[in-house]
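Numbering (this note's numbering), first residue to last: 62 to 163.
Ideal Cβ placement from N, Cα and C applies to all residues, glycine included.
A short write-up of the structure that comes next.
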């Protein structure tokens with residue numbers, strides 16, 4: 062199993078979710094996030110410290126897939142999330158060693 066974490070621009074969430082549904086991927090989590098990279102950000106105050114930091118709104122999509130489906134799922138996310146501009150996002154892939162159902 063592989064975990065895919067995609068940090069993308071919030072307006073692209075619907076496109077990515079539709080692309081994943083087309084692959085019969087229906088189990089995923091979407092959370093709001095803030096971050097910065099090479100594209101810089103907007104200055105805001107970091108909570109509880111009052112220090113300024115440049116953050117941009119992002120969306121984080123996480124899902125688990127079978128290892129043999131990894132390439133098609135990553136390709137689908139890449140196509141749906143890519144804006145062609147710096148800061149479109151990043152995709153992280155990691156190995157899942159164990160899953161525990163609750």
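> Do you know whose CA, among 62, 63, 67, lies nearest residue 139's CA?
Replying inline: Nearest option by C-alpha distance: 67.
> Mind checking whether residue 161 and residue 120 have CB atoms under 8 Å apart?
Replying inline: At the C-beta level, residue 161 and residue 120 stay beyond 8 Å of one another.
> If residue 123 sits next to residue 90, beta carbons under 8 Å apart, how far is it from one beta carbon to the other, in whole angstroms?
Replying inline: With a Cβ gap of about 5 Å, residue 123 and residue 90 count as contacting.
>> Within the continuous beta strand (DSSP E) that includes residue 90, where are the two ends?
In response: Residue 90: member of the beta strand (DSSP E) spanning 90-96, first to last residue.
>> I need the DSSP call for residue 146, collapsed to helix, strand or coil.
In response: Correct three-state label for residue 146: coil.
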